[in-house]
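A.B. asks: My questions all concern the structure below.
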Amino acid sequence: MSGEIRLDFEQLPTVAPSYFRAVANFGSGLSQGETIPDIVARLNDLEVRAENLARYRKVCGFPRADTLPVTYPHVLAFPMHMAVLTHKRFPLKLLGLIHVRNEITQRRAIRVDEPLDLIVSVGGHREVSKGIEFDLVTRVNDASGATIWEETGVMLSRGKSGGSSKRKEMPELGFSAQEEASWQVPADIGRRYAAAAGDYNPIHLSAWSAKLFGFPRAIATGMWMKARAAAALEPHIDVDAYSLSVAFKKPVFLPSTVLFKEGAVDNGLDFALTSRSGDIHHLTGEVRYL
């Protein structure tokens with residue numbers, strides 16, 4: 001691709017330097033007629049470390065198995081996400097980006113012992129009412145070169161006029177919840193997830209670090225909520241090929257008690273994470289069989 005910026009790794013990059021760059025980079029934003037350049041990072045023959053996988057399974061609720069949790073490749077690629085989003089040519093400030101939607105497509109189950117090729121890319125943007133959206137795309141290829149897993153994370157960079165006041169209405173699920181479970185989300189879940197996934201965003205770690213970014217308390221990591229939902233749904237999914245999509249709605253402040261709701265629909269499942277009263281939707285999502 002013409003003008004593509006390539007980052008080729010022989011091993012996963014260290015995350016700490018990316019955090020230092022994120023803190024130091026205030027982001028110049030996009031000028032008129034400018035867009036996010038094409039930045040592509042690649043790593044071949046990555047092997048899963050058993051101890052890291054075990055830690056992730058425990059914090060997210062996945063049982064032991066000989067295949068990876070559907071959300072785990074996101075964690076494998078996270079250091080590459082950070083390298084891309086803190087590259088000197090990436091024009092937006094990483095701290096302050098909001099993960100608004102995430103879709104994973106798994107074309108087959110991934111064995112824990114198979115080497116994987118990872119490709120992470122960004123490029124281009126869309127102007128939306130709240131600012132600028134762009135896609136952070138991750139692909140996992142097997143030894144034959146076939147793409148067996150793909151993720152699109154939709155990220156939002158708020159504009160100056162991004163806030164708008166809307167009349168509050170009781171949100172509707174849009175599906176009939178057939179099962180419901182109460183989750184206790186502890187105050188330390190952000191730190192526990194960070195230790196397993198390497199995601200040390202300060203808004204998830206403690207009340208004092210979250211307050212530096214305008215939050216009254218720490219909030220649960222969005223990808224922990226998605227992984228925890230995936231673990232709860234796993235016993236009801238009897239296929240290997242499916243998509244798992246979520247929209248991140250309202251933050252879960254720590255600690256909290258929330259309700260997980262799910263219901264079967266044609267060719268899949270719908271689910272949501274809500275407040276106990278149901279008047280706040282933290283996450284909504286769907287599973288669709290391929």
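The opening position of the sequence shown corresponds to residue 1 in full-length UniProt numbering, with each subsequent residue numbered one higher. We put the beta carbon where it would ideally sit given N, CA and C, even for glycine.
(1) I'd like the list of long-range same chain contacts for Val246, defined as Cβ closer than 6 Å, with 5 residues on each side in sequence excluded.
(2) Who are the near neighbours of Thr35 in its chain, counting only those whose CB is closer than 7 Å to its CB and skipping five residues on each side?
(3) With distances taken Cα to Cα, identify the nearest neighbour of Val140 among Leu116, Val128, Glu127.
(4) Buried or exposed: where does Ser157 fall if 16 or more other Cβ atoms within 10 Å of its Cβ makes it buried?
(5) I'd like the list of long-range same chain contacts for Thr152, defined as Cβ closer than 6 Å, with 5 residues on each side in sequence excluded.
(6) Using the C-alpha atoms, what's the distance from Glu169 back to Glu10?
(7) Should the region 66-76 be called in touch with the region 201-209, which here means at least 3 C-beta pairs below 8 Å?
(8) With DSSP as the reference, label Lys261 as helix, strand or coil.
(9) Compare the beta carbon distance of Ala41 and Val120 with 8 Å and say whether it is the shorter of the two.
(10) Which whole-angstrom value is the C-beta distance of Ser18 and Ala83, which I expect to be below 8 Å?
(11) Would Val287 and Leu273 be called neighbours here (beta carbons separated by less than 8 Å)?
(12) DSSP three-state call for Val59: helix, strand or coil?
(13) Hey, out of Ala22, Leu7, Val48, Glu51, whose CA is closest to Asp38's CA?
(14) May I ask you to report which of helix, strand or coil DSSP gives Gly198?
(15) Rounded to whole angstroms, what is the Cα-Cα separation between Leu244 and Thr105?
(16) Between which two residues does the alpha helix (DSSP H) carrying Arg228 extend?
(17) Short of 7 Å in beta carbon distance, which residues of its chain neighbour Leu212, apart from the five on each side in sequence? Order them along the chain.
C.D. replies: Looking at the coordinates:
(1) Residue numbering aside, residue 246 sits at position 246 when the sequence shown is read from its first letter. Excluding residues within five positions, the ones whose Cβ falls inside 6 Å are Asn102, Lys226, Leu283, Gly285.
(2) In the sequence shown, the residue the question calls residue 35 occupies position 35. Excluding sequence neighbours, Thr35 sits near Gly124, His125.
(3) By one-based count along the sequence shown, residue 140 stands at place 140. Nearest C-alpha to Val140: Leu116.
(4) By 1-based counting over the sequence shown, the position of residue 157 is 157. By the 10 Å Cβ count, Ser157 comes out buried.
(5) For this step, residue 152 is matched to residue 152 along the sequence shown. Contacts found: Glu103, Asp135, Val137.
(6) Translated into the one-based positions of the sequence shown, residue 10 becomes position 10. Translated into the one-based positions of the sequence shown, residue 169 becomes position 169. Cα to Cα, Glu10 sits roughly 51 Å from Glu169.
(7) Touching, no, given that fewer than three Cβ pairs across the two stretches are closer than 8 Å.
(8) In the sequence shown, residue 261 corresponds to position 261, counting from 1. Residue state, collapsed to three classes: strand.
(9) Along the sequence shown, read from residue 1 onward, the residue named residue 41 stands at position 41. Along the sequence shown, read from residue 1 onward, the residue named residue 120 stands at position 120. Result yes, Cβ atoms of Ala41 and Val120 sit closer than 8 Å.
(10) Residue numbering aside, residue 18 sits at position 18 when the sequence shown is read from its first letter. Residue numbering aside, residue 83 sits at position 83 when the sequence shown is read from its first letter. Rounded, the Cβ-Cβ distance is 6 Å, consistent with contact.
(11) Along the sequence shown, read from residue 1 onward, the residue named residue 287 stands at position 287. Along the sequence shown, read from residue 1 onward, the residue named residue 273 stands at position 273. For the pair Val287 and Leu273, the CB atoms are not nearer than the 8 Å cut-off.
(12) One-based indexing of the sequence shown puts residue 59 at position 59. Helix, per DSSP.
(13) For the purposes of this step, residue 38 is identified with residue 38 of the sequence shown, where counting begins at 1. Looking at Ala22, Leu7, Val48, Glu51, the one whose alpha-carbon comes closest to that of Asp38 is Leu7.
(14) As a first step, residue 198 must be located in the sequence shown, where it is residue number 198. DSSP places Gly198 in the coil class of the three-state scheme, outside both helix and strand.
(15) Stepping through the sequence shown from its first residue, residue 244 is reached at position 244. Stepping through the sequence shown from its first residue, residue 105 is reached at position 105. Going by the C-alpha atoms only, they are around 6 Å apart.
(16) Reading the sequence shown from its first residue, position 228 is the one you call residue 228. Note, Arg228: alpha helix (DSSP H), 222-233.
(17) One-based indexing of the sequence shown puts residue 212 at position 212. Answer for Leu212: Pro202, listed in chain order.
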